[in-house]
Amino acid sequence: MNELMQSWPLSPDATTAGLAVLGVVLVVLLAVLLRGRAKSAEAPRQPETEPTEIEIDAGAEPAEVEEDETEEPPLPEPAAPAPPPLSAAARLRGALAKSRETLRQRLADVFGGNRELDAILESLEEALLIADVGVKTTSKILKTVRERCAGEKQPAESKVRDALQAAIEDVLGSGGPKTRTSKPWVVLVCGVNGVGKTTSIGKLAAHFRAAGDEVLLVAADTFRAAAIDQLGIWAERVGADLVRHQSGADPGAVAFDGMKAAVARGTDLVLVDTAGRLHTRENLMDEIRKVSRVIGKGLPGAPHEVWLVLDATTGQNALHQAKVFGDTLGLTGIVLTKLDGTAKGGAALAVREELGVPILFIGVGEGIDDLRPFSNVDYARALLGDESEIARAN
Ligand SMILES: Nc1nc2c(ncn2[C@@H]2O[C@H](COP(=O)(O)OP(=O)(O)OP(=O)(O)O)[C@@H](O)[C@H]2O)c(=O)[nH]1
Ligand SMILES: [Mg+2]
Numbered sequence: 572m573n574e575l576m577q578s579w580p581l582s583p584d585a586t587t588a589g590l591a592v593l594g595v596v597l598v599v600l601l602a603v604l605l606r607g608r609a610k611s612a613e614a615p616r617q618p619e620t621e622p623t624e625i626e627i628d629a630g631a632e633p634a635e636v637e638e639d640e641t642e643e644p645p646l647p648e649p650a651a652p653a654p655p656p657l658s659a660a661a662r663l664r665g666a667l668a669k670s671r672e673t674l675r676q677r678l679a680d681v682f683g684g685n686r687e688l689d690a691i692l693e694s695l696e697e698a699l700l701i702a703d704v705g706v707k708t709t710s711k712i713l714k715t716v717r718e719r720c721a722g723e724k725q726p727a728e729s730k731v732r733d734a735l736q737a738a739i740e741d742v743l744g745s746g747g748p749k750t751r752t753s754k755p756w757v758v759l760v761c762g763v764n765g766v767g768k769t770t771s772i773g774k775l776a777a778h779f780r781a782a783g784d785e786v787l788l789v790a791a792d793t794f795r796a797a798a799i800d801q802l803g804i805w806a807e808r809v810g811a812d813l814v815r816h817q818s819g820a821d822p823g824a825v826a827f828d829g830m831k832a833a834v835a836r837g838t839d840l841v842l843v844d845t846a847g848r849l850h851t852r853e854n855l856m857d858e859i860r861k862v863s864r865v866i867g868k869g870l871p872g873a874p875h876e877v878w879l880v881l882d883a884t885t886g887q888n889a890l891h892q893a894k895v896f897g898d899t900l901g902l903t904g905i906v907l908t909k910l911d912g913t914a915k916g917g918a919a920l921a922v923r924e925e926l927g928v929p930i931l932f933i934g935v936g937e938g939i940d941d942l943r944p945f946s947n948v949d950y951a952r953a954l955l956g957d958e959s960e961i962a963r964a965n
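Quick note: the sequence shown, position 313, residue 884 per this note's numbering, numbers continuous.
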């Protein structure tokens, strides 16, 4: 035993004290452990769950949206119902609304009551003159109406309306651009300032491109750099070629180069833009005569057509412009623009009747599609049709 006690490193007292300390430590540890377990059973990891929820919330919304998308695509935003595309005739009627309304108010007087033919014709004359039809053309229309209503003392409104419609169609005549007999086919476009030459050329280029033509635009309005750029933008937009020089260049030289380029490229149609000019300025009229001559030197036989652009809002003044341009260049067709903004739609009748030059296209707005081949029947209908008839037609 003593040996044993000697081999033990501590005294028996120290050993007892050490065991006691160890026991206390173990008891304390056990107590702490049990307390911790009891706590976690009451409120399991409360502080940890809160940030986790926030994270889940933050990430949950998109996850839910994605889930929705895969299972059931979200309904599209309720968009305003797209308006049905208007028919060409409906758009024309829309453009001529102002002219039609003015005429309709006058015609209401014409047809009011059981009136005799002479009284009807008298009121009709007034209505046509106010719509800018012009004296000469008005007389022709009245003559036709009288003939068609002959033998009827008090003709019915429908009878007079039909006669008027036929008379207007007759005056406006039919016919489009000339049949092309050579390639390239060159059209010189002229007119006074701001009537819509360049815009109409852009729309015409779009129209003929859609029909399959290779189109070349010639920027022979060298007066302003902006005019050249304006045509350039149209060329790019519609996929047409463009021949241009610097601003201030000789317009004849540009036109000449345009002819050479058109021949070299095998272009179908060439549209030559020119600067706006007052028909009363002789030097400017001489200049465009020269441009026309130079075009003929570049391509014998050209220009094959000369189209005058007229602004319908100018009314009877358009007639005077057309006479002077016609004497200078020999017009083959009219492009009548801005019919959408005027109550003077009757001017088209005067231009056609007094000049004998066909109206080929009409402009009814500023957009690329707002140029329409002219139809005498559609035009007469759009000018005369009453609102109920229009509603039925649409
Ligand atoms: N409402 C309406 N505007 C048009 C029509 N045609 C042309 N315009 C507008 O008329 C303005 C003048 O058009 P342009 O094509 O520049 O006229 P322009 O004859 O080439 O003018 P200049 O070269 O300066 O003589 C522009 O604002 C066009 O958008 C049309 O049919 N209806
Ligand atoms: Mg122009």
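The C-beta atom is built at its ideal place from N, Cα and C for all residues, glycine as well.
Relative to the C-alpha of residue i, which candidate in the options has its C-alpha closest?
i, options, result
"residue 908", "781, 886, 902", "886"
"residue 931", "737, 876, 687, 904", "904"
"residue 746", "956, 684, 936, 923", "923"
"residue 662", "910, 734, 839, 929", "910"
"residue 942", "778, 735, 803", "778"
"residue 759", "897, 820, 730", "897"
"residue 752", "876, 890, 781, 785", "876"
"residue 763", "859, 814, 838, 842", "859"
"residue 738", "704, 864, 945", "704"
"residue 715", "701, 696, 702", "696"
"residue 935", "953, 853, 929, 689", "953"
"residue 974", "667, 673, 717", "This structure leaves residue 974 out entirely; the chain is present only between 572 and 965."
"residue 780", "939, 888, 700", "939"
"residue 838", "883, 787, 865", "787"
Considering only heavy atoms of ligand 1, does any lie closer than 7 Å to the CB of residue i?
i, result
"residue 936", "yes"
"residue 766", "yes"
"residue 710", "no"
"residue 911", "yes"
"residue 941", "yes"
"residue 762", "yes"
Take the Cβ of residue i as the centre, count every other Cβ of all protein chains shown within 10 Å, and call the residue buried at 16 or more, exposed below.
i, result
"residue 708", "buried"
"residue 947", "buried"
"residue 892", "buried"
"residue 916", "buried"
"residue 684", "exposed"
"residue 951", "buried"
"residue 845", "buried"
"residue 771", "buried"
"residue 681", "buried"
"residue 744", "exposed"
"residue 822", "buried"
"residue 658", "exposed"
"residue 616", "Because the pLDDT of residue 616 is 38, which lies under 50, any placement of that residue in the model is unreliable, and the number read from its coordinates should be weighed accordingly. Label assigned to residue 616: exposed."
"residue 769", "buried"
"residue 774", "buried"
Between which two residues does the beta strand (DSSP E) carrying residue i extend?
i, result
"residue 844", "840–845"
"residue 879", "876–882"
"residue 908", "904–908"
"residue 667", "Premise fails: residue 667 is in no beta strand (DSSP E) and is neither H nor E."
"residue 834", "Not the beta strand (DSSP E): residue 834 falls in the alpha helix (DSSP H), residues 822–836."
"residue 933", "930–934"
"residue 790", "786–791"
"residue 800", "Where residue 800 is concerned, there is no enclosing beta strand (DSSP E), although the alpha helix (DSSP H) it sits in stretches over 796–809."
"residue 864", "No beta strand (DSSP E) holds residue 864; the alpha helix (DSSP H) holding it covers 853–869."
"residue 813", "812–814"
"residue 525", "As shown, the chain starts at 572 and ends at 965. That puts residue 525 outside it, with no answer to give."
"residue 943", "942–944"
Would you check whether ligand 2 has a heavy atom nearer than 7 Å to the C-beta of residue i?
i, result
"residue 847", "yes"
"residue 882", "no"
"residue 798", "yes"
"residue 793", "no"
"residue 908", "no"
"residue 769", "yes"
"residue 733", "no"
"residue 689", "no"
"residue 844", "yes"
Tell me, please, whether the CB atom of residue i is closer than 8 Å to any CB atom in chain D?
i, result
"residue 866", "The chain inventory of the structure shown lacks chain D, comprising one protein chain alone."
Need the endpoints of the alpha helix (DSSP H) that residue i sits in, please.
i, result
"residue 776", "768–781"
"residue 731", "728–743"
"residue 922", "918–926"
"residue 915", "Per DSSP, residue 915 belongs to no alpha helix (DSSP H) and is neither H nor E."
"residue 749", "From DSSP, residue 749 is part of no alpha helix (DSSP H); its letter is neither H nor E."
"residue 690", "688–701"
"residue 892", "888–900"
"residue 885", "Residue 885 -> no alpha helix (DSSP H), and no H or E assigned at all."
Check your understanding: Below 8 Å, can you find three or more Cβ-Cβ pairs linking the stretch 721–739 to the stretch 802–811?
Key -> Cβ pair count under 8 Å is below three, so no.
Review point. Are the stretch 792–799 and the stretch 858–872 touching, with three or more C-beta to C-beta distances below 8 Å?
Key: no
Point to revise | Cβ contact (3+ pairs, closer than 8 Å) linking the stretch 839–856 and the stretch 727–742 | key: no
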